[in-house]
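Using the numbering used here, read the sequence shown as starting at 23 and increasing by one per residue.
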Amino acid sequence: MMNITSQMHPSWEPALKQVLNQPALLKLQAFLQAEQQAGKSILPPEPLRFNALASTALDQVRVVILGQDPYPTAGHAHGLSFSVLPQVKPLPRSLNNINRELLSDLGVDNRHTGYLQPWAAQGVLLLNTVLSVEEGKAGSHQKKGWEMLTDAIIQAVSNQPQPTVFILWGAQAQKKVSLIDTTRHQVIESAHPSPLSARRGFFGSRPFSRCNTFLARQGREAVDWQL
């Protein structure tokens, strides 16, 4: 089995122990090894693949921002949904739109960066539903086994006692709402920030202020979105 437990915060292990032993993850491991042996470039690099679970402890999660799969451009993805490494310029267009909406919503101007690691340190779980991709081929590792693991991660957060915000942008993320206890947690849904859909309901959706309003009502600390 791929060495996931050594790459994540220890708080996740009890909640994910059962799924980590499933045959589907052994098949995923074999698939990834075969792809690498065939000379294909897999992103992000293996040490960063579980960055979301390493950066945010299960019992500290306040917000989940769900993405699809990593950026397929070398040097961009580092294991956090929508985030890119500090040196990346220009920013991916979806990330530009996220920054634009944040500026409109809360007056927070993050247009200088796409590095969202400080959000993860505050309890924002930046999770993709698929944790790897072949360079240059978006969506190439979908339905290879990652979804079993990431579904279990979403359920683990939903099972936590503290009220949490789940931000689901676009149809793929919104399919995961069935994994969330919506009687206890806040779900914020809108169009995806992609240029193809941002004008159809992402702009003006105010996810960041709505998130902080819910957290404050629940007696939880708001997220400082400034980077």
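Ideal Cβ positions, reconstructed from N, Cα and C, are used throughout, including at glycine.
>> I'd like to confirm the pairing. Which residues does DSSP put opposite residue 208 in its beta bridges?
In response: Residue pairing by DSSP places residue 208 opposite 187 in a beta bridge.
> From residue 221 to residue 125, what distance separates their C-alpha atoms?
Replying inline: When only Cα atoms are considered, residue 221 and residue 125 end up about 16 Å apart.
>> What would DSSP say about residue 64, mapped onto helix, strand or coil?
In response: DSSP places residue 64 in strand when its eight states are reduced to three.
> Tell me, which residues are paired with residue 156 by DSSP?
Replying inline: According to DSSP, residue 156 bridges with 64 and 159.
> Going straight from the alpha carbon of residue 99 to that of residue 239, what length do you get?
Replying inline: Looking at the two C-alpha atoms, the distance is approximately 34 Å.
> By how many angstroms is the C-alpha of residue 163 removed from the C-alpha of residue 81?
Replying inline: Approximately 29 Å between the Cα atoms of the pair.
>> So for residue 146, helix, strand or coil by DSSP?
In response: Here DSSP, grouped into helix, strand and coil, assigns residue 146 to strand.
>> Assuming contact is defined by CB atoms lying nearer than 9 Å, are residue 92 and residue 65 in contact in what I supplied?
In response: Contact: yes.
> Going along the chain, which residues of its own chain have a beta-carbon closer than 6 Å to the beta-carbon of residue 63, five neighbours each way excluded?
Replying inline: Around residue 63: 157.
> First and last residue of the beta strand (DSSP E) that includes residue 87?
Replying inline: Membership of residue 87 in the beta strand (DSSP E) is indicated by the continuous run 85-89.
> Does the stretch 134-148 come within contact of the stretch 72-81, defined as at least 3 CB pairs closer than 8 Å?
Replying inline: Taking a cut-off of 8 Å for Cβ pairs, the stretch 134-148 and the stretch 72-81 touch, as three or more such pairs fall below it.
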